[in-house]
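Undergrad:
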Ligand code: DC
């Protein structure tokens, strides 16, 4: 089983640019497919659920294409029902694709099979099928009555009139029906039977339908009227907002562990109900600020969150985050009106209760509520104090992206936490764990050629910020030293990789140890320098050292220095610097260093060695030394070390103000 281990953390701060909303992405794609004209969907979420929708649309004869490398897609609308009249669709576990496509295909007069993963076949869909059958649709259950897979057959569809749909199990049934009804070309009235849950999602549906030219009239949450002659027309270009549910994890991190944490992509002007999660955090005592397109959260002035009781109808998805935030609150948090959790990606009430208990929480669960509290070892104090989290809990995620994401917050309890099967986040947020790590431990990547002074600068920056420090070159030097000492040829890639894999190296207070013996000076010899650049050219050696380097990323942050820190090892580093100087300046510095140490040195030989090493490091096939486009260039030829350090700190101040403020 795959897992990710989260190191204990007590502070979270920084800024996160959110991925696009899943709900909006899949609605826009379907509306664009049914509309007249071409639509450019900007900032689409690229994740499993959206890919299921894109694949399905392609099979149904809808032309779409990605524009460039970004997240913009052009969709050529069919101007009505799908052109392909026979298809078999696999929709994974994507409810936002399965339900609306069921409705649209039921009204498309074709022969279709819709199936998904086993869990999808346990998620009820009977309420939607019943509603569509009232219109004359011919839908059959292939397996269990009331559940996918579904077979749709051509059938005459009644134009207009009334349709009733139950609203208690999932708002997606109403969404699916509303989005499909304009295909009949006649006006229709949808009546909701029972209480409608997750109302904000219906708001999203109506807002987006209106963008495509269909204005639904509604009477409270009971009746919805599609006007006669309603047709979808492309509005040209549409923008997908950031995912408000995804925002909840980061905002909660800020509220739990200091902050401020700012999310960009949703804010006051958002059409997603889950932005109201911020109000719930506020009720827990968090300090929240909001702009049109951003939200920021920080811990309460007291440092402690307090428990709340909340009806979660309006924030069904983000409410899961509250259940985990409750671990950090004083008192018992009770979240009610969450029966829909039981029919989501997994039975979320049961899953949540089981996993919260692993962390030491007391949990009470009912048909439609959950109550969570955590005992404390002492009354007041800083946020991490007094928390009694059980360390090393291994959290199961039930193939549910939200379980994985919300339980990542547990490491803020100051304990190591393991998240099993973390790849389930691909459903809506493929790089979630990297973005989360950014908040806990930002990386400053400093790359550059030999003897550019990057080591000195990086170590000083790390010290000033109180960050960890990784001298990645030392690892390659240690491999070379170990090889030289044991007589291994420096061109024997296989044996070198084995040395790298099991390298008995450690770093202790500025000293570098190999096999327990001090090797700090030995790895700096000219022989080792030349040797290290040779061993570094072997992909297997680099691969063997990869995980070891990544493990240095720990709170509160890391300054990593080398050749490929920004390009390969920490590609998501929020600050990347390419630090260089002319070969002459570097040879001169090295010369002075050696003379100061009482060693003899010839500047011409040094210059020639440096040039050879530069050539080798830059020309190799894997992870060559080169400035990546997103790195900032720092040429230190005419700079003192102090000036170079100040230059980097200034960049930190701009990019990572929270980290700089702590220094
Ligand atoms: O930074 P340094 O001079 O100590 O590095 C020694 C050698 O290790 C260098 O010649 C190239 C190699 N190296 C690398 O390939 N990738 C890194 N991230 C760091 C060093």
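Residue numbers (our numbering): 1 to 663. We treat Cβ as the ideally placed atom computed from N, Cα and C, and that holds for glycine.
#1: Alpha carbon to alpha carbon, how far is residue 182 from residue 225?
#2: For the beta strand (DSSP E) holding residue 67, just list the boundary residues, first then last.
#3: Could you check what DSSP says for residue 53 in three-state terms: helix, strand or coil?
#4: Could you pull the DSSP bridge partners for residue 134 from this structure?
#5: Do residue 656 and residue 575 count as a contact pair if the criterion is CB distance below 8 Å?
#6: Just the C-alpha distance for residue 261 and residue 296, rounded to the nearest angstrom, thanks.
#7: Going straight from the alpha carbon of residue 333 to that of residue 112, what length do you get?
#8: Would you list the one or two residues that DSSP bridges to residue 468?
#9: Residue 442 and residue 557 look like a contact to me (Cβ under 8 Å); what is the Cβ gap, rounded to whole Å?
#10: In three-state DSSP terms, what is residue 673?
#11: Between which two residues does the beta strand (DSSP E) carrying residue 647 extend?
#12: How big is the Cα-Cα spacing for residue 119 and residue 360?
#13: Does residue 204 come out as helix, strand or coil in the three-state DSSP assignment?
#14: Using 8 Å as the Cβ pair cut-off and three pairs as the minimum, do the segment 130-141 and the segment 160-176 touch?
#15: When you measure from the CB of residue 613 to every non-hydrogen atom of the ligand DC, does any distance come out below 7 Å?
#16: Contact between the segment 411-426 and the segment 234-241 is defined here as three or more beta-carbon pairs at a separation below 8 Å; is this criterion met?
#17: Report, in whole angstroms, the separation of the C-beta atoms of residue 61 and residue 84, which I expect to be a contact under 8 Å.
#18: Considering Cα atoms alone, identify which of 15, 63 and 543 is closest to residue 265.
#19: Hey, is residue 533 close to the ligand DC, as in C-beta under 7 Å from one of its heavy atoms?
#20: Can you check which of these residues, 125, 533, 600 and 588, is closest to residue 638 by C-alpha distance?
#21: Taking the straight line between their C-alpha atoms, what separation do you get for residue 228 and residue 213?
#22: For residue 172, count neighbouring C-beta atoms within 10 Å of its own C-beta (all shown protein chains included) and say buried if the count is 16 or more, exposed if not.
#23: Taking buried to mean at least 16 other C-beta atoms within 10 Å of its own C-beta, is residue 596 buried or exposed?
#24: Please state whether DSSP places residue 381 in a helix, a strand or coil.
#25: Pairs of beta-carbons, one from the segment 96-114 and one from the segment 144-161, closer than 8 Å: are there three or more?
#26: Identify whether residue 609 lies in helix, strand or coil by the three-state DSSP scheme.
#27: Looking at C-beta atoms only, is the number of pairs between the segment 266-283 and the segment 63-79 that lie closer than 8 Å three or more?
#28: For the segment 467-510, list the beta strand (DSSP E) runs that are entirely contained and at least 3 residues long, ordered along the chain.
#29: Residue 664 bridges to which residues according to DSSP?
#30: Which of the three DSSP states is assigned to residue 620 in this structure?
#31: With C-beta atoms as the reference, is residue 436 less than 8 Å away from residue 408?
#32: Looking only at its own chain, which residues have a Cβ that is under 7 Å from the Cβ of residue 211, when we skip the five neighbours before and after it?
#33: Assuming residue 538 and residue 553 make a contact with CB atoms under 8 Å, what is their CB distance in whole Å?
#34: Excluding sequence positions up to five away, which residues of its chain have a Cβ less than 6 Å from the Cβ of residue 573?
#35: Can you have a look at residue 700 and say buried or exposed, based on whether 16 or more other CB atoms are within 10 angstroms of its CB?
TA: According to the structure data:
#1: 11 Å
#2: 63-67
#3: In this structure, residue 53 counts as helix in the three-state DSSP scheme.
#4: Answer is none; residue 134 lacks a bridge partner.
#5: In this structure, residue 656 lies closer than 8 Å to residue 575 by Cβ.
#6: Taking the straight line joining both Cα atoms gives about 5 Å.
#7: Going from the Cα of residue 333 to the Cα of residue 112 covers about 46 Å.
#8: 558
#9: Taking a contact as a CB-CB distance under 8 Å, the pair residue 442 and residue 557 counts as one, their CB atoms being some 5 Å apart.
#10: The chain is shown from 1 up to 663; residue 673 falls before or after that span and cannot be answered.
#11: Looking at the DSSP string, residue 647 is not in any beta strand (DSSP E); the run it does join, the alpha helix (DSSP H), is 641-655.
#12: 29 Å
#13: Residue 204: helix per DSSP, three-state reduction.
#14: yes
#15: yes
#16: no
#17: About 4 Å; that satisfies the 8 Å criterion.
#18: The residue among 15, 63 and 543 with its C-alpha nearest the C-alpha of residue 265 is 15.
#19: yes
#20: 588
#21: Their Cα atoms are separated by approximately 13 Å.
#22: buried
#23: exposed
#24: For residue 381, the predicted structure reports a pLDDT of 39, less than 50, and the residue's modelled location is therefore unreliable. A value from the coordinates is still provided. The answer is coil: DSSP assigns residue 381 none of H, G, I, E or B.
#25: Contact between the segment 96-114 and the segment 144-161 is present, because at least three Cβ pairs lie under 8 Å.
#26: helix
#27: In short, these stretches do not touch, since the Cβ pair count stays below three.
#28: 468-471 and 505-508
#29: No answer is possible for residue 664: the residues shown for the chain start at 1 and end at 663.
#30: In the structure shown, residue 620 falls within a coil segment according to DSSP collapsed to helix, strand and coil.
#31: yes
#32: Only 235 and 238 meet the Cβ criterion.
#33: Not a contact, Cβ separation roughly 24 Å.
#34: 443, 445 and 566
#35: Residue numbering for the chain in the displayed model covers 1 to 663; residue 700 lies beyond these limits and cannot be assessed.
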